[in-house]
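In terms of full-length UniProt numbering, the sequence shown opens at residue 1 and continues consecutively. Built from N, CA and C at the ideal position, the CB exists for glycine as well. First up is the structure itself, then whatever we jot down about it.
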Amino acid sequence: MPQFRDAPAGRGYLAIPGPSVMPEAVLNAMHRPAPNIYAGELPEMMLGIVADLKRVARTDGHVAIYIANGHGVWEAALANTIGPGDKVLVPSTGHFGLGWAGMAEALGAEVEAIDFGKSAPMDMARVAEALNADKAHKIKAVLAVHVDTSSSVRNDIPALRAALDDCGHPALLMADCIASLGCDVFEMDAWGVDVMVAGCQKGLMVPPGMGFVFFNDKAAAVRAHMPRVSTYWDWTPRAQPKEFWEYWNGTAPTHHLYGLRAALDMIMAEGMEAVWARHDRLARAIWVACDAWSSDGSLRMNIADPAHRSRAVTALRLEAPDATRLRDWTERNLGLTLGIGLGMVPSDDPAWHGYFRLGHMGHVNGHMIMGLLGGIEAGLIGLDLPHGPGALSAAAAVIGEAGA
Ligand SMILES: *Cc1c(COP(=O)(O)O)cnc(C)c1O
Numbered sequence: 001m002p003q004f005r006d007a008p009a010g011r012g013y014l015a016i017p018g019p020s021v022m023p024e025a026v027l028n029a030m031h032r033p034a035p036n037i038y039a040g041e042l043p044e045m046m047l048g049i050v051a052d053l054k055r056v057a058r059t060d061g062h063v064a065i066y067i068a069n070g071h072g073v074w075e076a077a078l079a080n081t082i083g084p085g086d087k088v089l090v091p092s093t094g095h096f097g098l099g100w101a102g103m104a105e106a107l108g109a110e111v112e113a114i115d116f117g118k119s120a121p122m123d124m125a126r127v128a129e130a131l132n133a134d135k136a137h138k139i140k141a142v143l144a145v146h147v148d149t150s151s152s153v154r155n156d157i158p159a160l161r162a163a164l165d166d167c168g169h170p171a172l173l174m175a176d177c178i179a180s181l182g183c184d185v186f187e188m189d190a191w192g193v194d195v196m197v198a199g200c201q202k203g204l205m206v207p208p209g210m211g212f213v214f215f216n217d218k219a220a221a222v223r224a225h226m227p228r229v230s231t232y233w234d235w236t237p238r239a240q241p242k243e244f245w246e247y248w249n250g251t252a253p254t255h256h257l258y259g260l261r262a263a264l265d266m267i268m269a270e271g272m273e274a275v276w277a278r279h280d281r282l283a284r285a286i287w288v289a290c291d292a293w294s295s296d297g298s299l300r301m302n303i304a305d306p307a308h309r310s311r312a313v314t315a316l317r318l319e320a321p322d323a324t325r326l327r328d329w330t331e332r333n334l335g336l337t338l339g340i341g342l343g344m345v346p347s348d349d350p351a352w353h354g355y356f357r358l359g360h361m362g363h364v365n366g367h368m369i370m371g372l373l374g375g376i377e378a379g380l381i382g383l384d385l386p387h388g389p390g391a392l393s394a395a396a397a398v399i400g401e402a403g404a
C-alpha cells in the first residue's frame with residue numbers, strides 16, 4: 001500500500017469523511033481506454049444516469065452536472081439564483097455553512113448569518129424569527145447545510161421548510177447534501193427543497209471530480225429572471241441539453257461517468273431504503289462504541305444528542321494532542337487513516353490536535369466498521385490513553401441485530 005508512510009502489510013482503510021472508500025466495481029469500471037464522446041455508449045448512458053441521480057435525490061426536478069468539487073457546485077447553485085446585492089440567510093452549524101456563506105458574500109450577495117456554533121443544530125425558532133423580521137421578503141434564499149461534515153451535526157430540513165411556510169416566506173430553500181446524500185435520509189421533493197447540491201466523492205463513492213445541482217421549477221423560474229448567468233455555470237443547458245457536450249459545457253468527465261454508472265448500479269441494486277438503513281446501523285454501532293469509551297478518559301462525541309447526529313460522519317474530541325497521536329498511531333501501525341478535525345480551531349492552535357473525525361459514508365459494511373472501531377481501541381491501548389470498556393462488544397451487538 002504505497003499511500004502509507006511505513007506502510008503495514010494488508011489493505012489500508014481511508015476512514016476520512018471524503019473522499020470515501022472507492023468500490024472495486026467503480027475503479028474497475030473506470031479502468032478503460034478513452035471512449036468516444038460524440039457517439040455510442042457514453043452519450044447513450046446519460047439518460048439512465050440522470051434518472052438514477054434523481055432517484056437518489058428523491059426528486060422529479062432537474063439536475064445539472066459539473067466537473068467540479070463541492071465548492072464548485074456551491075458556486076453553481078448561487079450563480080444561477082443570487083446576483084450582486086441579493087440577500088441570503090445562512091443558518092450555519094459548522095465550517096461548511098460558514099464556507100457557503102463566505103462564497104455568497106464573495107459573489108456580491110448580502111449575507112445574513114446566524115451562527116449556531118460548532119456542536120449544535122439550527123434552532124428553528126431563531127431562523128423563523130429572522131424570516132418573520134423580513135417583511136419585505138428581501139431574503140432570496142436560505143442556504144442550509146444538511147450534514148455539516150466538520151461538526152457532524154445533521155439539521156432538520158423539513159423543519160426549516162415548515163419555518164419558511166409558516167411565515168409565508170417565498171425564499172428558495174437550498175440544501176448542501178454533499179456529505180449526506182446516499183447516507184442520511186433525504187427527500188428533496190417531499191421535504192420541499194428547491195435547490196440541492198451534492199458531490200460524487202462521498203456517499204456516491206466516485207473519485208472527486210463531479211458535482212450535482214438539483215433544482216425544481218420554482219428555482220428554474222428564479223434563474224429565468226437573473227439578469228446574467230455565466231455560460232459555464234448556467235444550469236439550463238446542462239439540465240436540458242440538446243447535444244451531449246452541453247451537459248458539461250465542453251468535454252465530458254469520461255471515466256467518472258463510467259464510475260458513477262457503476263456506483264449508481266450498486267445503490268439501485270441495494271435500494272435507497274436499505275442504503276439508509278445500513279448507514280443508520282453502522283453509525284449506531286460507532287455511537288455505542290464511543291459512548292463506552294467515553295465512560296473513562298477524554299474521548300467525546302461532538303454532537304451529544306443522537307437525534308442531531310449524521311449517519312455519514314462522526315466528529316470526536318480527545319484531549320490535545322492525543323487526537324493527532326491516535327490518528328498517527330492507527331495510520332502507521334494499522335494502515336487505518338482517521339480524519340482530521342476541521343474548522344473547530346485554527347490549525348496552528350495546539351488545541352487543533354484534540355479533534356478528529358470518522359468518515360462512514362458510501363462503501364462501508366459491518367466488518368469495516370468493526371475494523372475501524374477495533375483499530376481505534378488498539379490505538380487507545382497502544383498509546384495508553386484512558387478509555388471505558390466494552391466498546392467493541394457494544395458495537396458488535398448493534399451490527400449483529402437481526403437483518404444486519
Ligand atoms: C465535502 C463537503 C463540502 C466541500 O466539498 P469539496 O469537494 O471539498 O469542495 C461542502 N459541504 C459539505 C457538507 C461537505 O461535506
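Which residues bound the beta strand (DSSP E) around residue i?
i	result
isoleucine 157	It is not in any beta strand (DSSP E) - isoleucine 157 instead sits in the alpha helix (DSSP H) that spans 157 to 166.
leucine 143	139 to 145
leucine 173	172 to 176
valine 88	87 to 92
methionine 196	195 to 199
isoleucine 114	110 to 115
valine 313	313 to 317
leucine 342	Run containing leucine 342: none; DSSP gives neither H nor E here.
leucine 358	355 to 359
alanine 76	No beta strand (DSSP E) holds alanine 76; the alpha helix (DSSP H) holding it covers 70 to 79.
leucine 299	Here leucine 299 belongs to no beta strand (DSSP E), and DSSP marks it neither H nor E.
tyrosine 13	13 to 15
Among the residues of its own chain, which have a CB less than 6 Å from the CB of residue i, if the five just before and after it don't count?
i	result
threonine 314	Ser152, Ile286 and Leu358
leucine 380	His387
leucine 160	Ala144
isoleucine 139	Lys87, Leu89 and Ala171
valine 185	Trp276
glycine 72	Tyr66 and Gly211
arginine 327	Leu338 and Phe356
proline 43	Phe244
histidine 255	Met30
glycine 192	Arg161
Over what stretch of residues does the alpha helix (DSSP H) that includes residue i continue unbroken?
i	result
lysine 135	Run containing lysine 135: none; DSSP gives neither H nor E here.
arginine 325	322 to 334
serine 393	391 to 399
lysine 54	41 to 57
arginine 223	217 to 224
residue 415	Here the chain comprises residues numbered 1 to 404, so residue 415 is not present and cannot be evaluated.
histidine 62	No alpha helix (DSSP H) holds histidine 62; the beta strand (DSSP E) holding it covers 62 to 66.
threonine 236	235 to 239
glycine 209	Segment: none, glycine 209 is in no alpha helix (DSSP H) and carries neither H nor E.
alanine 25	24 to 30
leucine 181	It is not in any alpha helix (DSSP H) - leucine 181 carries neither H nor E in the DSSP assignment.
Using a Cβ-Cβ cut-off of 7 Å (strictly less than) and excluding sequence neighbours within five positions of residue i, which residues of its own chain qualify?
i	result
methionine 266	Pro23 and Ala25
glycine 85	Gly108 and Glu110
alanine 130	Leu89, Glu112 and Ile114
tyrosine 247	Met46, Ile65, Arg238 and Pro241
phenylalanine 4	With a pLDDT of 47 at phenylalanine 4, under the threshold of 50, the modelled position of this residue cannot be trusted, and the question is left open.
valine 364	Val21 and Leu282
alanine 404	Bear in mind that the predicted position of alanine 404 carries a pLDDT of just 48, short of 50, making it too unreliable to give a figure here.
arginine 126	Ile114
proline 253	Ile67, Gly209 and Met210
phenylalanine 215	Gly61, His62, Asp194, Val195 and Trp235
valine 222	Thr81 and Leu172
Using beta carbons (cut-off 8 Å, strictly below), is residue i in contact with chain B?
i	result
isoleucine 286	Absent here is chain B; the protein component of the structure consists of one chain.
In chain order, what residues of the same chain have a beta carbon less than 8 Å from the beta carbon of residue i, not counting five sequence neighbours either side?
i	result
isoleucine 82	Val88, Ala104, Leu107, Ala109, Lys140 and Ala141
arginine 55	Met268 and Met272
proline 2	Residue confidence is low: proline 2 scores 45 on pLDDT, short of 50, so the model does not pin down where it sits. No coordinate-derived value is stated.
leucine 373	Ala285, Ile286, Ala289, Ala391, Leu392 and Ala395
Looking at residue i and ligand 3, is the gap between the Cβ and the nearest heavy atom below 7 Å?
i	result
lysine 118	Judged by which ligands are present, ligand 3 is missing from the structure shown, whose ligands are ligand 1.
Whole beta strand (DSSP E) elements within the stretch 268 to 296, 3-residue minimum | none
Segment contact, 8 Å Cβ cut-off, at least three pairs: the stretch 171 to 181 with the stretch 327 to 340 = no
Are the stretch 59 to 73 and the stretch 228 to 243 touching, with three or more C-beta to C-beta distances below 8 Å?
-> yes
Inter-stretch contact (C-beta, 8 Å, three-pair minimum) for the stretch 194 to 203 and the stretch 343 to 355 = no
Can at least three beta-carbon pairs, one atom from the stretch 115 to 126 and one from the stretch 93 to 103, be found at a separation below 8 Å?
-> yes
Taking only runs that begin and end inside the stretch 365 to 391, name each unbroken beta strand (DSSP E) of 3 or more residues, in chain order.
-> none
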